[in-house]
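Here's the structure we're looking at; comments come further down.
Numbering (the working numbering), first residue to last: 549 to 723.
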């Protein structure tokens, strides 16, 4: 499985334009693997997302389903030659916020069980800093998703203010 994933990464890099410039894209999109995509009407396969990118003029898109990575297999095949579909995951911590992880290796998966500083860790949980370190070690970009949402707010901002290692690479401003 890992060898197959490495081949997909190679295939993905073949679709990247090797030229400076501005590129339009989206780092937060769901396939049918995310239940909320059905509710919002945005449940599309990777190939359908690639077609939608062409229709609206996007150069790239990260498929960031909730805590799953099955959508990341065979992205180059689904994308075609003119759109970059990037492997991603939406780390969905139901109690403390969501973060999109974009540009990860297709076979990687990141755990969603983190607690803010000061909240005791339960078995098999970690800190947001550990999550960010693991994501960055894979070469991914991490962004706090819908950080001010009423019930999905990113609750790691106070920790990030005190500890730069706990800061995401970006913050989603529009979904």
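Glycine included, every Cβ here is placed at the ideal spot set by N, Cα and C.
Values in this document were obtained by computation on a predicted structure and should not be read as measured data.
Proximal residues to residue i (C-beta, below 8 Å), its chain only, five neighbours per side dropped
| i | result |
| --- | --- |
| residue 593 | 579, 580, 626 |
| residue 695 | 645, 701, 702, 705, 719, 720 |
| residue 584 | 578, 614 |
| residue 598 | 609, 626, 627, 628, 631, 633 |
Assigned secondary structure, residue i (DSSP; H/G/I helix, E/B strand, else coil)
| i | result |
| --- | --- |
| residue 648 | strand |
| residue 623 | helix |
| residue 749 | The structure shown has nothing for residue 749, since the chain only spans 549 to 723. |
| residue 708 | helix |
| residue 713 | helix |
| residue 618 | helix |
| residue 550 | Note that residue 550 scores a pLDDT of 32, beneath 50, so its modelled location is shaky; the value from the coordinates is reported in the next line. In the structure shown, residue 550 sits in a helix (DSSP, three-state: H, G or I). |
Where the alpha helix (DSSP H) through residue i begins and ends
| i | result |
| --- | --- |
| residue 599 | 594-604 |
| residue 584 | 583-588 |
| residue 680 | 676-685 |
Same chain, Cβ closer than 6 Å to residue i, neighbours up to 5 away in sequence not counted
| i | result |
| --- | --- |
| residue 707 | 664, 665, 714 |
| residue 604 | none |
| residue 640 | 614, 615, 646, 660 |
| residue 656 | 686 |
| residue 567 | none |
| residue 620 | 635, 654 |
| residue 689 | 650, 651, 717 |
| residue 722 | none |
Residue range of the beta strand (DSSP E) that includes residue i
| i | result |
| --- | --- |
| residue 637 | 632-641 |
| residue 628 | Note, residue 628: premise wrong, no beta strand (DSSP E); not H, not E. |
| residue 578 | Residue 578 -> no beta strand (DSSP E), and no H or E assigned at all. |
Beta bridge counterpart(s) of residue i as assigned by DSSP
| i | result |
| --- | --- |
| residue 691 | 648, 718 |
| residue 663 | 675 |
Contacts around residue i, its chain only, beta-carbon distance under 7 Å, and the 5 residues preceding and following it disregarded
| i | result |
| --- | --- |
| residue 572 | 605, 606, 607 |
| residue 658 | 637, 639, 649, 679, 682, 683 |
| residue 559 | At residue 559 the pLDDT is 45, less than 50, meaning the model places this residue with poor confidence; the figure from the coordinates comes in the next sentence. Same-chain partners within the cutoff: 624. |
| residue 662 | 641, 644, 673, 674, 675, 676, 679 |
| residue 802 | Since the first and last residues shown for the chain are 549 and 723, residue 802 lies out of range. |
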